[in-house]
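The numbering of the sequence shown is this note's numbering, which starts it at 98 and goes up by one.
From the three backbone atoms N, C-alpha and C, an ideal C-beta is built for every residue, glycine too.
Presented below is the structure to which this report refers.
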Amino acid sequence: MNREELAMMVTEAVSENQNVTIKDLRSNLRRHHLVKARCMAFKILRKNYGFALHQIGSFFCRHHASVIHGLRVHDSYMDTDREYANDFAILTNEIMKNDVNFPLRQQALEFLEELEMSKTIGSKIALVENLITASEKN
Numbered sequence: 098m099n100r101e102e103l104a105m106m107v108t109e110a111v112s113e114n115q116n117v118t119i120k121d122l123r124s125n126l127r128r129h130h131l132v133k134a135r136c137m138a139f140k141i142l143r144k145n146y147g148f149a150l151h152q153i154g155s156f157f158c159r160h161h162a163s164v165i166h167g168l169r170v171h172d173s174y175m176d177t178d179r180e181y182a183n184d185f186a187i188l189t190n191e192i193m194k195n196d197v198n199f200p201l202r203q204q205a206l207e208f209l210e211e212l213e214m215s216k217t218i219g220s221k222i223a224l225v226e227n228l229i230t231a232s233e234k235n
């Protein structure tokens, strides 16, 4: 799978999970729900798939500095918004589960990093609850 296909796969997953269109995700609209969805996509592409900032920016028609800002906003949401953290954990689980190229070891490492980065107990609990729920479904 090339970079464009990976970016589209992640964008489709985010769009489905957050009930937004791909067109809106890639648009210049600044509605709150779109900003949150974009931040999720930025983080997944950067952290899970190692995309460069300019690659993410190019795919979403944004400057790399806007991607940096989006990644910082994501971290802030993870610390302060339990619903966002919960949605992100579910989304990340879905993407990792459906991506056969994403090894189980890498999934575990990503989960541990997310857990360690979570500053509030609420966001840590949400991550663990989602992991348990996802493992029970399998």
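Residue i versus residue j: straight-line alpha-carbon distance, rounded
i, j, result
"Asp184", "Arg100", "24 Å"
"Leu206", "Met193", "12 Å"
"Met137", "Glu233", "24 Å"
"Ile115", "His130", "First, the amino acid is wrong: residue 115 is Gln here, not Ile. In a straight line, the C-alpha of Gln115 is about 8 Å away from that of His130."
"Tyr181", "Leu103", "23 Å"
"Arg159", "Ile153", "8 Å"
"Thr177", "Ile218", "10 Å"
"Ser155", "Leu228", "32 Å"
"Lys221", "Ser215", "6 Å"
"Arg133", "Val107", "Looking at the sequence shown, residue 133 is not Arg but Lys. Taking the straight line joining both Cα atoms gives about 14 Å."
"His166", "Ala149", "14 Å"
"Ala223", "Glu211", "11 Å"
"Arg123", "Asn195", "23 Å"
"Glu109", "Ala186", "16 Å"
Simplified DSSP assignment, three categories, for residue i
i, result
"Asn114", "helix"
"Ala149", "coil"
"Met98", "coil"
"Phe157", "coil"
"Leu103", "helix"
"Leu126", "coil"
Residue i classed as buried or exposed, judged by whether at least 16 other C-beta atoms fall within 10 angstroms
i, result
"His171", "buried"
"Met175", "buried"
"Ile119", "exposed"
"Thr230", "exposed"
"Leu188", "buried"
"Arg143", "buried"
"Asn190", "buried"
"Arg135", "buried"
Residue-chain proximity (residue i, chain D), Cβ-Cβ < 8 Å
i, result
"Phe148", "Given the protein chain composition of this structure (a single chain), no chain D is represented."
Minimum length 4: unbroken alpha helix (DSSP H) runs contained in the stretch 177 to 228: If one requires a minimum length of 4 residues, the alpha helix (DSSP H) runs lying completely within the stretch 177 to 228 are 179 to 195 and 201 to 214, in chain order.
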